[in-house]
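J.: Next up is a structure, given as structure tokens.
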């Protein structure tokens, strides 16, 4: 996102008070390593080019497309604008981060919530253009929002998390005025406008490449970019390299200092680390916790590590099918987990423990430690109460794309479960098939990680534990009491009621154990010491608009 400190003063919004009227103006070897050099010699100087090495590059140019991977979110963030963004704040360690409670202008230079709290009107920048020079208008915004709520799958569900559900809600007032009509008062609505999904597309260009069978140009936008963001795609070689160049006519924020970004796909963590430490690359992430521990100790490059808000590593238990539809069995699993071993031997301390908490939920915050520790005697007693004194056989599944920490974690879990009579065969599922397999909701036990873009407990629970059974509710957990509590927390405007309700649904989750939390992951990024202005974002992708090189 643009450097919000360089824009108009951001609007500070309480999550419980968005109803008031508010206005804001405003594998490579040595040859692969050396391959960077000739490219830079004929380009801008090294100080204006950011060299990125990443484990896995984008598999699409359209994050709303089916099966798009995590890296595509970063392309969307840098190559497209959204109406709003988040302001910035400084974390205790000096790292810049987005501020979950403060919105700031991006494509919309101002916005105003109606007096009755049932609509919001956005004034668009009149000088904004797409990369092909076409002026950005409210018609483009409407087409883009219509697409997000109609395309289906994750984008549509994400929009619904902020009560953005119907094309009729999105109104073109004039060329530079756009309005969202609310179907209900939802404190998440404006915050949802600022996440990755509702990016603004050059609708004229997209429609030219749409078909009756593909009205949202999914096929074309998978391989073509139609944005107006700070960067445009110069070239994209799937599985190899993505090159972005600065869009010098970008008006939605301060012009980035970095003119060119070269992002190379380098699957080998060892090669990426060597490139970084030799100065052949500027930034990388995705190393094993052990590597980050060593990198920090050696001090050749610097590391920014931020606990990911609203995120957990956990074991999901399939509550819809035997045997894990039995709550006592799920509780037994929770008491059998080798929490401390996982923390030290798989994560090397690069995570926040989520075990050993108090029995009573005293704060309405998420995530927070569950009141379980490793206690095999308690686990065996509950196993007996559940009717499984003789033990049982099951499978524990993990994504091979997370094998660096996932495999040692799974082995430790397997060993401890065996101590209470549960034989869990480890099933390794290729990363390319992981999401599809999870969506079938047939896995008995699954080791997974989830993070919610909007940092509020009810948002996390809406995705993972609500009876609407979203694609991320891999436990297939359904409980009407839980649904009522989540819905109440989402829509109440009473702060005291909100706090009580959040504590109640967290306590219910601790009792019912649809998942067993292990830890809160830390997002580590390694970079050259001369790199400055790195900013952490909820989507965990680098925001190239912020970087500067010294």
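Numbering (my numbering), first residue to last: 27 to 576. We treat Cβ as the ideally placed atom computed from N, Cα and C, and that holds for glycine.
The beta strand (DSSP E) that contains residue 23, what's its start and end?
T.: Outside the displayed range of the chain (27 to 576) lies residue 23, so it cannot be described from this structure.
J.: Is it a yes or a no for the stretch 122–132 touching the stretch 556–564, going by three-plus beta-carbon pairs under 8 Å?
T.: Judged by Cβ distances under 8 Å, the stretch 122–132 makes contact with the stretch 556–564, as three or more pairs qualify.
J.: Buried or exposed: residue 233, going by 16 or more other Cβ atoms within 10 Å of its Cβ?
T.: Locating residue 233 in the chain shown gives position 207, where the first residue counts as 1. With fewer than 16 other Cβ atoms within 10 Å, it is exposed.
J.: So, at 6 Å on beta carbons, what are the nonlocal neighbours of residue 243 in its own chain, with the 5 sequence-adjacent residues on each side left out?
T.: As a first step, residue 243 is located in the chain shown; it is residue number 217 there, counting from the start. Result list for residue 243: 232, 235, 236, in chain order.
J.: Which same chain residues, not among the five before or five after residue 487, have their C-beta less than 7 Å away from its C-beta?
T.: Here residue 487 is taken as the residue at index 461 of the chain shown, counted from 1. Excluding sequence neighbours, residue 487 sits near 512, 531.
J.: Under 8 Å by Cβ, that's how I've got residue 202 and residue 117 pegged, so tell me the actual separation to the nearest angstrom.
T.: For the purposes of this step, residue 202 is taken as residue 176 along the chain shown, with counting starting at 1. For the purposes of this step, residue 117 is taken as residue 91 along the chain shown, with counting starting at 1. That pair is no contact at about 36 Å.
J.: At 4 residues or longer, what runs of the alpha helix (DSSP H) sit wholly inside the stretch 112–195?
T.: 164–176, 179–186
J.: Grouping DSSP H, G and I as helix and E and B as strand, with all else coil, what is residue 416?
T.: For the purposes of this step, residue 416 is identified with residue 390 of the chain shown, where counting begins at 1. If DSSP states are grouped into helix, strand and coil, residue 416 belongs with coil.
J.: For the alpha helix (DSSP H) holding residue 512, just list the boundary residues, first then last.
T.: Along the chain shown, one-based indexing puts residue 512 at 486. First-last of the alpha helix (DSSP H) with residue 512: 506–517.
J.: Based on DSSP bridge pairs, tell me the residues matched to residue 200.
T.: Taking the first residue of the chain shown as 1, we reach residue 200 at position 174. Paired residue(s): 203.
J.: Measuring CA to CA, which of 554, 74, 229 is closest to residue 328?
T.: The count along the chain shown starts at 1 and reaches residue 328 at position 302. Nearest of 554, 74, 229 to residue 328, Cα basis: 554.
J.: Among 485, 166, 405, 457, which one has its Cα closest to the Cα of residue 94?
T.: Taking the chain shown and counting its residues from 1, one reaches residue 94 at position 68. Taking only the C-alpha atoms, the option nearest residue 94 is 457.
J.: Mind checking whether residue 204 and residue 152 have CB atoms under 8 Å apart?
T.: Here residue 204 corresponds to residue number 178 of the chain shown, with the count starting at 1. Here residue 152 corresponds to residue number 126 of the chain shown, with the count starting at 1. No. Outside cutoff.
J.: Output the distance between the C-alpha atoms of residue 273 and residue 90, rounded to the nearest integer angstrom.
T.: Within the chain shown, the letter at position 247 stands for residue 273. Within the chain shown, the letter at position 64 stands for residue 90. So the alpha carbons of these two residues sit roughly 22 Å apart.
J.: Going by Cα to Cα distance, which pick from 549, 137, 338, 156 is closest to residue 147?
T.: As a first step, residue 147 is located in the chain shown; it is residue number 121 there, counting from the start. When only C-alpha atoms are compared, the closest one is 137.
J.: Can you tell me where the beta strand (DSSP E) with residue 384 in it begins and where it stops?
T.: For the purposes of this step, residue 384 is taken as residue 358 along the chain shown, with counting starting at 1. Note, residue 384: premise wrong, no beta strand (DSSP E); not H, not E.
J.: For residue 83, I'd like the list of residues in its chain whose CB is within less than 6 Å of its CB, leaving aside the five on either flank, ordered along the chain.
T.: Position 57 of the chain shown holds residue 83. Answer for residue 83: 97, 268, 291, listed in chain order.
J.: Skipping 5 residues on each side, what residues in its chain have a beta carbon closer than 7 Å to that of residue 66?
T.: Working through the chain shown from its first residue, we reach residue 66 at position 40. With a pLDDT of only 48 at residue 66, under the threshold of 50, the placement of this residue in the model should not be trusted; the figure read from the coordinates follows. Beyond the five residues adjoining it in sequence on each side, residue 66 comes within less than 7 Å, by CB distance, of 72, 75 in the same chain, given in chain order.
J.: Just to confirm my understanding: we take residue 439, look at its own chain, exclude 5 residues before and 5 after, and list those with CB closer than 8 Å. What are they?
T.: Translated into the one-based positions of the chain shown, residue 439 becomes position 413. So the qualifying residues of the chain are 341, 363, 364, 368, 422, 450, 473.
J.: When the distance is taken between beta carbons, is residue 501 closer than 8 Å to residue 345?
T.: Looking up residue 345 in the chain shown gives position 319. Looking up residue 501 in the chain shown gives position 475. Yes, the Cβ-Cβ distance between residue 345 and residue 501 is below 8 Å.
J.: Measuring CA to CA, which of 199, 186, 79 is closest to residue 165?
T.: Sequence index remark: in the chain shown, residue 165 carries index 139 (1-based). It is 199 whose Cα lies nearest to the Cα of residue 165.
J.: Please identify the residue among 510, 508, 81, 572 whose C-alpha is closest to the C-alpha of residue 266.
T.: Looking up residue 266 in the chain shown gives position 240. Closest option to residue 266, Cα to Cα, is 81.
J.: Do you know offhand how far residue 277's Cα is from residue 157's?
T.: Within the chain shown, numbered from 1, the residue matching residue 277 stands at position 251. Within the chain shown, numbered from 1, the residue matching residue 157 stands at position 131. Roughly 12 Å separates the two Cα atoms.
J.: Check the DSSP bridge columns for residue 440 and list the partner residues they point to.
T.: If you number the chain shown from 1, residue 440 lands on position 414. Looking at the DSSP output, residue 440 shares a beta bridge with no other residue.
J.: Would you check if the distance between the CB atom of residue 385 and the CB atom of residue 339 is smaller than 8 Å?
T.: To locate residue 385, count along the chain shown from 1; it is residue 359. To locate residue 339, count along the chain shown from 1; it is residue 313. In this structure, residue 339 does not lie closer than 8 Å to residue 385 by Cβ.
J.: Can you name the residues that DSSP bridges to residue 262?
T.: Numbered from 1 along the chain shown, position 236 holds the residue referred to as residue 262. Per DSSP, 268.
J.: What do you get for residue 503, buried or exposed, if any count of 16 or more other CB atoms within 10 angstroms of its CB means buried?
T.: Residue 503 sits at position 477 when you count from the first residue of the chain shown. It counts as buried.
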